[in-house]
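Here the structure comes first, spelled out in structure tokens, and everything after it is commentary.
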Amino acid sequence: MKKKLLSVMMATTLSFTMLVGCASSDSKKEDEAVSENSDDAASKASDEADTAASNAQEESSEEETAAVEAIVLSEAPATDLAGNEITVPTEIDAIVSMSPSSTRLLIDLGLSDYIVACDTYSYEYYGDDLVADVPQYDMMAPDQESIVALNPDIIFTTGMSYATGSDVYASVREAGICVADIPSASSLEEIGESITFIGACTGTSEEAELIVEEMNDTLAQIEELASTISDDEKKTVLYETNTPTADYPTIYSAGSDTYIGEMIEKLGAINATGDQEGWPSLTEEDAIAINPDVIISTDMFTPDAVDTHLALSGWENVTAVANGDVYLMELSNELNQPNQHVVSAMVEMAKYIYPDVFADLEDPFAVIAR
Numbered sequence: 001m002k003k004k005l006l007s008v009m010m011a012t013t014l015s016f017t018m019l020v021g022c023a024s025s026d027s028k029k030e031d032e033a034v035s036e037n038s039d040d041a042a043s044k045a046s047d048e049a050d051t052a053a054s055n056a057q058e059e060s061s062e063e064e065t066a067a068v069e070a071i072v073l074s075e076a077p078a079t080d081l082a083g084n085e086i087t088v089p090t091e092i093d094a095i096v097s098m099s100p101s102s103t104r105l106l107i108d109l110g111l112s113d114y115i116v117a118c119d120t121y122s123y124e125y126y127g128d129d130l131v132a133d134v135p136q137y138d139m140m141a142p143d144q145e146s147i148v149a150l151n152p153d154i155i156f157t158t159g160m161s162y163a164t165g166s167d168v169y170a171s172v173r174e175a176g177i178c179v180a181d182i183p184s185a186s187s188l189e190e191i192g193e194s195i196t197f198i199g200a201c202t203g204t205s206e207e208a209e210l211i212v213e214e215m216n217d218t219l220a221q222i223e224e225l226a227s228t229i230s231d232d233e234k235k236t237v238l239y240e241t242n243t244p245t246a247d248y249p250t251i252y253s254a255g256s257d258t259y260i261g262e263m264i265e266k267l268g269a270i271n272a273t274g275d276q277e278g279w280p281s282l283t284e285e286d287a288i289a290i291n292p293d294v295i296i297s298t299d300m301f302t303p304d305a306v307d308t309h310l311a312l313s314g315w316e317n318v319t320a321v322a323n324g325d326v327y328l329m330e331l332s333n334e335l336n337q338p339n340q341h342v343v344s345a346m347v348e349m350a351k352y353i354y355p356d357v358f359a360d361l362e363d364p365f366a367v368i369a370r
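Each residue of the sequence shown is one higher than the one before, starting from 1 at the first, in full-length UniProt numbering.
See the structure below:
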């Protein structure tokens, strides 16, 4: 399944959108036994009435707890990040999230209970944080009729859903549901804008701004440390989404107009494919000729990806291989899902490339690989 996602990602841009959930709970009622003694029976009947009233009150209270409190918006964006005019409802209590990056952000904003449906990848990665049995849809071909039946207030979509050139949410829009498109981010600034946008659409602007501020503070710290690296000390870094094999010999990397390429440059390194755009493909010969100092991989499919790479025939004299500077990102998902956690991945990457320079750099979001 992840191979399918990888191929789509190469055809478009790294990204995703979001998921939503509601919860409900049941309460129990106990049956009381009636005594044979008529006086006891009368007394117990009264007790039963009190118990029933108490149970009914508890049941009502539990139902009120299960139903989320609607978020009331005083203002909201009039256009989405794709430039489409949208009308965000003044009250939000049901969200559909159709990308993992948006879903995780919504969870971090404290909105997991508001997610009533999501894409399949969101559930794969973050299902434990969502309401049980939340509906899941294919982000490339969502069941529009089913989504409309959920009557959500807003749907956050991803640019990947439009890779085929068709609007896979046309029927949802026609039903009057707010569809907020979030194109695949190509820069760290755009990632910050998407966080701010989602916050504005969900009444969590203050929380979203704090996240963006934390991101920017860490990026500023990174740039300050990177400024101490001289031109002679700059390392050439090759980012790889996959390890070349006989079955899949082509290597995919990140060009100058991607946020991953931008991250490498901000770390004071040279992006090996920085002279290209998008997600360039390389042959093994191309990659060997680059002779990178460091190889950073997010290969999630090859067993023992680092050892496999180090053992590749013909790579023995590549500096990164000769020095053992081939690294598999622990935070691959964080790197590939454009939200605030890309900074966590950037911190990990920094320590691989320049361990001494960034030795004291801390992850502001302190994530565990997911």
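All residues carry an ideal CB built from backbone N, CA and C; glycine is no exception.
Note: V72 is bridge-paired with E91 in the DSSP secondary-structure output. Look at A78 here: in three-state DSSP terms it is coil, with no helix or strand label. Of the candidates W315, S205, Y126 and S97, the residue whose Cα lies closest to the Cα of L73 is S205. For Q337, the closest of S194, D217, V131 and S313 by C-alpha to C-alpha distance is S194.
With a cut-off of 8 Å on Cβ pairs, the segment 222-235 is not in contact with the segment 135-155, counting fewer than three such pairs. Between G314 and P280 a beta carbon distance of about 20 Å is seen, past the 8 Å cut, so the two are scored as non-contacting. Per DSSP, reduced to three states, the secondary structure at D119 is strand.
A check of alpha carbon separations from A76 across M139, V88 and A305 identifies V88 as the nearest. For T319 and M300, the gap between their C-alpha atoms comes out near 23 Å. Beta bridge pairing from DSSP links V96 with A117 and I155. Boundaries cannot be given for A254, as no alpha helix (DSSP H) includes it and DSSP labels it neither H nor E. With respect to P355, T218 sits apart: the two C-beta atoms are not nearer than 9 Å.
The beta carbon of A322 sits closer than 8 Å to the beta carbons of E316 from its chain, once the five residues preceding and following it are set aside; these are given in chain order. In this structure, T250 sits away from S297, with a CB-CB distance that is not shorter than 9 Å. In this structure S146 is exposed. Its beta-carbon is surrounded by fewer than 16 other beta-carbon atoms within 10 angstroms.
Under the DSSP assignment, Y259 falls in the alpha helix (DSSP H) whose first and last residues are Y259 to K266.
For A180, the enclosing beta strand (DSSP E) starts and ends at C178 to I182.
Between the beta-carbon of A208 and that of L109 there is about 7 Å, and that keeps the pair under the 8 Å contact cut.
A straight-line Cα-Cα distance of about 8 Å links H309 and V326.
Only residues of its own chain outside the window of five on either side were considered, and among them K266 have a CB closer than 7 Å to the CB of E223, listed in chain order.
If you look at L225, you'll find it in the alpha helix (DSSP H) that goes S205 to A226. Going by DSSP, T243 is part of no beta strand (DSSP E) at all; its letter is neither H nor E. With respect to D293, T236 sits close: the two C-beta atoms are nearer than 9 Å. In the DSSP assignment, the residues bridged to L282 are I251. In the DSSP secondary-structure assignment, I296 is bridged to Y239 and Y327. Taking the CA atoms as reference points, Y352 sits about 41 Å from A94. Looking at the DSSP output, Q136 shares a beta bridge with C118.
Going by DSSP, H341 is part of no alpha helix (DSSP H) at all; its letter is neither H nor E.
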